[in-house]
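Reminder that position 58 of the sequence shown reads as 221 in our numbering, one-by-one numbering, no gaps.
Even glycine gets a Cβ: it sits at the ideal position worked out from N, Cα and C.
For reference, the structure discussed in these notes is given below.
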Amino acid sequence: MPTSPTPADRVTVHYADVELDNRENIRALAVGDYLELAEPTAGMTPGTWQVVAWHGDDPAFPDEAVMRPVSTAEVLELRRAASEKLAAITGGTR
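And the structure:
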């Protein structure tokens, strides 16, 4: 059974070290947003990661993101909740 990520699993990354699919850097993500990685990047393993904090010398443009890995159980729960939300909006049709 997979374990839930702990604070020790968190990784701090510089914004310039992570490029999103749309060629933006990770600064485009807000606290609470998710990032899916297909390959190891900036100390993070493949999988789903969540931004838990931003920090740096300039509060308007913080330069480091604190990321935490998202467990498989969490990903499945997020997908289930999104599916239920979509069904409620569309009346169960797609």
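| message | Within a Cβ cutoff of 6 Å, which residues of the same chain sit near Ala228, ignoring the five residues on either side of it in sequence? | response | Here residue 228 is taken as the residue at index 65 of the sequence shown, counted from 1. Contacts found: Val176, Ile189, Val214, Trp217.
| request: Check whether the Cβ atoms of Val181 and Ala205 lie closer than 8 Å to each other. | output: As a working mapping, residue 181 is identified with position 18 in the sequence shown. As a working mapping, residue 205 is identified with position 42 in the sequence shown. In contact: Val181 and Ala205 (Cβ atoms closer than 8 Å).
| request: Taking only beta-carbon positions, decide if Ala250 is within less than 8 Å of chain B. | output: Checking the listed chains, one finds no chain B in this structure; it contains a single protein chain.
| said: Comparing C-alpha positions only, which one of Ala191, Tyr197, Asp221 sits nearest to Thr211? | reply: Position 48 of the sequence shown, counting from 1, holds the residue named residue 211. The shortest C-alpha separation from Thr211 is found at Tyr197.
| Which same chain residues, not among the five before or five after Met230, have their C-beta less than 8 Å away from its C-beta? | The residue you call residue 230 lines up with position 67 of the sequence shown. Taken in chain order, the residues that qualify are Arg173, Val174, Thr175, Val176, Leu198, Met207, Trp212, Gln213, Val214, Val215.
| query | Around the Cβ of Leu192, are there at least 16 other Cβ atoms within 10 angstroms (buried) or fewer (exposed)? | reply | By one-based count along the sequence shown, residue 192 stands at place 29. Flag for Leu192 reads buried.
| field | Coil, strand or helix - Thr204 by DSSP | value | Taking the first residue of the sequence shown as position 1, residue 204 is located at position 41. It is a strand residue.
| task | May I ask you to report which of helix, strand or coil DSSP gives Ala193? | result | On the sequence shown, residue 193 is found 30 positions in, with the first residue counted as 1. Residue state, collapsed to three classes: coil.
| field | The beta strand (DSSP E) enclosing Arg231, as first and last residue numbers | value | For this step, residue 231 is matched to residue 68 along the sequence shown. Unbroken beta strand (DSSP E) run through Arg231: 227–232.
| What residue does the alpha helix (DSSP H) around Ala223 start on, and which one ends it? | As a position in the sequence shown, residue 223 is number 60, starting the count at 1. Ala223 -> no alpha helix (DSSP H), and no H or E assigned at all.
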